[in-house]
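See structure below.
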Amino acid sequence: MSSVKSSSSTGEKDSEKIDRRDDVIKMGYLKKWKVGNNVTQNFKTLRKKFFVLRADPSDSSDSSARLEYYDSEKKWKSHHAPKRTIRLKTCFNINRRLDKKHKHVIALYTKDDCFCLVLESEEDLEAWLKALLSLQHGEEIPDGEQPKPTFVAGARQKWQSYLETNRRGKETDQKNSKRKSFTEEIDELKAKKQRLQAVVDTLIKSADRLSEQAETTGNLTFMSKSDSFRRTSREKTAALADINKQLIS
1 MSSVKSSSST
11 GEKDSEKIDR
21 RDDVIKMGYL
31 KKWKVGNNVT
41 QNFKTLRKKF
51 FVLRADPSDS
61 SDSSARLEYY
71 DSEKKWKSHH
81 APKRTIRLKT
91 CFNINRRLDK
101 KHKHVIALYT
111 KDDCFCLVLE
121 SEEDLEAWLK
131 ALLSLQHGEE
141 IPDGEQPKPT
151 FVAGARQKWQ
161 SYLETNRRGK
171 ETDQKNSKRK
181 SFTEEIDELK
191 AKKQRLQAVV
201 DTLIKSADRL
211 SEQAETTGNL
221 TFMSKSDSFR
231 RTSREKTAAL
241 ADINKQLIS
């Protein structure tokens, strides 16, 4: 597995000239898709990145086969640090993922998430999957033999536990968000009630004052204004009653 193979139709020869080390097995542009606790998440987050698949270099202190990706081939050539590195031996499972929209998807199940590669063809999928599984197995898969995923002990239970933990965390966040919104709504109603009550009190006092002036002076204008204030206060009082019902319910 010492030959470098690229899935990129452009710059393939340049890539081979840049890095002919034995630890580089495959490279090329692929689309990445990271699945969290929502396994029905759509493909709006698909992004094309430059991937490099590395074997176990015997002369390296980091002797772990891994999949790396970079924002571009240019950044890889410039020796930028990878955006992410996935150690193949730490994956619970590496397998083909069935999807209604995309036919060629490889899923790498890590302890943190499900990281998917979306490929252009069946040939590309088989080539990358075989290379990934060979490195995870630690041995070459013979030609013609169907690559089989390696299930780490307890992988299914660990993955299901991860999904359940994330589901519960999401439910807790949603409950906290609803509780916060409800509390804010209650506080707003209480503040509105307080403001409305102050208006009603002012209207009643003004109506009483005008009524007294009408009786003292015999001026019907004061009485007319007093009646107008009382009508408005009754309307505001009805609004207060509605707020009280909302607070009780």
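At position 38 of the sequence shown the residue is numbered 38 (UniProt numbering), and the sequence of numbers has no breaks. The beta-carbon is built from N, C-alpha and C at its ideal position, and this holds for glycine as well. None of the values given here were measured: they were computed from a predicted structure.
In the DSSP annotation of this structure, the continuous segment of the beta strand (DSSP E) that includes K48 starts and ends at R47 to R54.
By the C-beta density criterion, Q160 is exposed, having fewer than 16 other C-beta atoms within 10 angstroms. In the structure shown, F115 adopts extended strand secondary structure according to DSSP, grouped into three states. Taken atom to atom, the span from the alpha-carbon of V200 to that of T216 is near 24 Å. Note that the C-beta distance between S211 and S224 is not below 8 Å. Runs of the beta strand (DSSP E) spanning 3 or more residues and lying entirely within the region 203-232 do not occur at all. Around the CB of G138, fewer than 16 other CB atoms lie within 10 Å, so the residue is classed as exposed. Where L125 is concerned, there is no enclosing beta strand (DSSP E), although the alpha helix (DSSP H) around it starts and stops at E122 to H137.
Ranking S228, L189 and K75 by CA distance to the CA of N244 puts L189 first. Between the alpha carbons of H102 and E123 lies a distance of about 14 Å. The three-state secondary structure of A107, taken from DSSP, is strand.
In the DSSP annotation of this structure, K89 is not part of any alpha helix (DSSP H), being labelled neither H nor E.
In this structure, L30 places its C-beta atom within 8 Å of the C-beta atom of L117. Spatial neighbours of L240 in its own chain (CB-CB distance under 8 Å, excluding positions within 5 residues in sequence) are listed in chain order as K193, L196, Q197 and V200.
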